[in-house]
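**Student:** Letter by letter, the sequence shown follows residues 0 to 451 in numbering that gives the first Met the number 0.
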Amino acid sequence: MAAHDPKKAKFYDGILIAFGKERYQFKDENELSFYAILRYRNNLERTLWGVDIERALAESGATYGDSITLSNLGRVPVTIVVEKKDKDGVITEEEIKTHRNTWEVIRIGETRLKSTQASSSVVKHVQVSNGSPVAVTSAKQAVETADEVSAEPIAAHQKVVPINKALAAPGWLQEAQQRAANVLAAKAAGKAYASEKIEKVWNQCVAFPSATAEPMRLYLQSRGVLFNELAKGAAADMRFHPALDYYEEVDNKNTLLGSFPAIVCAIRNAEGEIVTLHRTYLNKDGKKLAVSYKDSVGQRHKVEKVKKMMSIPDDMDVNGSAVRLGDPSCGGVLGIAEGLETALSAYRATKIPTWSSVNAQLMETFEIPESVHTLLIWADKDKSVRGEIAANVLYQRAKALGLNVHILMPSMPIPAKAKGVDWNDVLLSQGILGFPRVANLKSFIARSFATI
0 MAAHDPKKAK FYDGILIAFG KERYQFKDEN ELSFYAILRY RNNLERTLWG
50 VDIERALAES GATYGDSITL SNLGRVPVTI VVEKKDKDGV ITEEEIKTHR
100 NTWEVIRIGE TRLKSTQASS SVVKHVQVSN GSPVAVTSAK QAVETADEVS
150 AEPIAAHQKV VPINKALAAP GWLQEAQQRA ANVLAAKAAG KAYASEKIEK
200 VWNQCVAFPS ATAEPMRLYL QSRGVLFNEL AKGAAADMRF HPALDYYEEV
250 DNKNTLLGSF PAIVCAIRNA EGEIVTLHRT YLNKDGKKLA VSYKDSVGQR
300 HKVEKVKKMM SIPDDMDVNG SAVRLGDPSC GGVLGIAEGL ETALSAYRAT
350 KIPTWSSVNA QLMETFEIPE SVHTLLIWAD KDKSVRGEIA ANVLYQRAKA
400 LGLNVHILMP SMPIPAKAKG VDWNDVLLSQ GILGFPRVAN LKSFIARSFA
450 TI
C-alpha cells in the first residue's frame, strides 16, 4: 500500500452518532456503501461515506457517543471482487484493480476538560516526561484519553489536566450522562423517522375489499389471481393506496412525478414486525403504471420501475422477511415464491398459503416459521438461473432444519425475448391445469413424510 501524505489528509472531529451500511447517499439506485455521521461542537452534523470507514471504525473500537477524529488519508490502489454475468447469464466473480479512499479513526476520549488558559485552537506537539510526542489542543477545552494517562508527573507547561482531577470536577457525571442521552435520542429519532414514513403510508391504505381498491382488483384480475381467499383474510398484508407519491431521479434530483394508485404490501420479519413496504404502482384502469417525464434537455423518458421497496429503518433487517399471504399454522404446509403475482398464482391453484419473498435475495434468507413442516418452493425459471440458485439455497437450508421441502419449477420453455418464466406465466397460459394437481401434491407430500 502506498504511503500516505499527512499534508493531504482531511480530518473531521466530532461525536460519532450513527454508522452503518446503506446505499450511497441513501438513494435506492446507488450501490451499498458505509457511512458515519459526526456531530460537531456547533451541533451541526456531517455524513461521511466510504467503504473503508467500516474497517477503520472496527480497528479503533469506536462506537456510538465516542469523540473521534476521522481522517481521509487519500486514495490508494486496491483489488476488489465484483460479480458479473457472462453471455449465458451465469454469475461469475472477477478481480478488478481500482482506487479507494483509505480512512483512519482515532478515539479522542470521552472526557472534556477546561483548560487552565484560553488560547487559539492550535495543535501543538509537546514532550511528556518519557520523551514521547503527544498532540495537545490549546483551547478553552482540552481532551484527554484515560488510557493514555501516565503515572509519572506531568509537566506544568503541557496544559493537560490529569484524569483524577477530571473525575472530581463538578458536573462531569452530569455532562457524560447528558451526552449519552443525546446519542440515544438521536438514534431513536433516526429510527422513528424511517418507521414513521412506513407507518404513515400503511395507515393511508385501504383494505382489499374496499370499494376504493378497484384498480387493485382489476390488476389482480388481469394476472389471473383474483380469488375468494383474498376477500376472506388472506390479503390482510395487501392493501391499496389511491394516490401514492412517485419519485424519480431526474437530472440527479429526486423529483415528484405525481401521485398514483398502488398496491402496498407489508414485508414482515419472523417476529411479525413490518420491516418495510413493497409498492406496485398502477394506472387507474388497473394496468401497470405507464408515465413519462422530460429531463433538463427536453428528452422524454419512460418510468421503468413500477415496483419499489421503501427504505429500511437502520435498526431493522429485511433479510428473512416476506409478504404473508394466508396462514400456514393449521396445516403446517407453506409455499414460498419470489414475486407477489407468482405467490398468488400458486395460492390460487393449490389453496395452500404461499408467501412472497419479493426477490431472489430474500428467498435465500427466508426464515421459515416454526409451525411449518413442509415447504413448497415455487421457483422462477430464469435464463440467468438466478431463480434456481435462490431456490436451491433455501432448499438446502430447509433440509438442514429437517423439513420436508420440494422445489417446483415451470416446465414451459422460456420465450426467446423473455428473461424467464414464472408460475404466473403458467397460470395465464395454461390455467390451473398447468399446476400439479392438489390431490397429487398432497399425496406426494404424504409419501415424502413416510420416507423420512
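The C-beta atom is built at its ideal place from N, Cα and C for all residues, glycine as well.
#1: In chain order, what are the residue ranges of uninterrupted alpha helix (DSSP H) at least 4 long that sit wholly in the region 342-369?
#2: Sort out for me which residues DSSP pairs C264 with in a bridge.
#3: Can you tell me the Cα-Cα spacing of L402 and A336, whole angstroms?
#4: How is F308 classed by DSSP in three states: helix, strand or coil?
#5: Report the CB separation of S370 from P327 in whole angstroms; it is logged as a contact under 8 Å.
#6: For the alpha helix (DSSP H) holding D424, just list the boundary residues, first then last.
#7: Under the DSSP definition of a beta bridge, which residues are partnered with E58?
#8: From this set, Q360, A359, H372, I376, which residue's C-alpha is nearest T353's C-alpha?
#9: What residues match up with T373 in a beta bridge as DSSP calls it?
#10: Tell me whether H300 is buried or exposed, calling it buried when 16 or more other Cβ atoms sit within 10 Å of its Cβ.
#11: Quick one: give me the first and last residue of the beta strand (DSSP E) that L31 is part of.
#12: Mapping the DSSP letters down to three states, classify Y11 as helix, strand or coil.
#13: Between which two residues does the beta strand (DSSP E) harbouring E44 extend?
#14: Are the CB atoms of Y34 and F10 within a distance shorter than 8 Å?
#15: Would you call the region 303-316 and the region 401-417 in contact, with 3 or more CB pairs under 8 Å?
#16: So for A206, helix, strand or coil by DSSP?
#17: Classify E28: buried if its beta carbon has 16 or more other beta carbons within 10 angstroms, exposed otherwise.
#18: From the DSSP secondary-structure annotation, give me the bridge partner or partners of T211.
**Tutor:** Quick look at the numbers:
#1: 359-363
#2: M237, H277
#3: 17 Å
#4: It should be pointed out that residue 308 corresponds to Met in this sequence rather than to Phe. Residue state, collapsed to three classes: strand.
#5: 6 Å
#6: 422-429
#7: DSSP lists no partner for E58.
#8: I376
#9: V332, N403
#10: exposed
#11: 31-38
#12: strand
#13: 44-48
#14: no
#15: no
#16: strand
#17: exposed
#18: According to DSSP, which records beta bridges pairwise, T211 is partnered with nothing at all.
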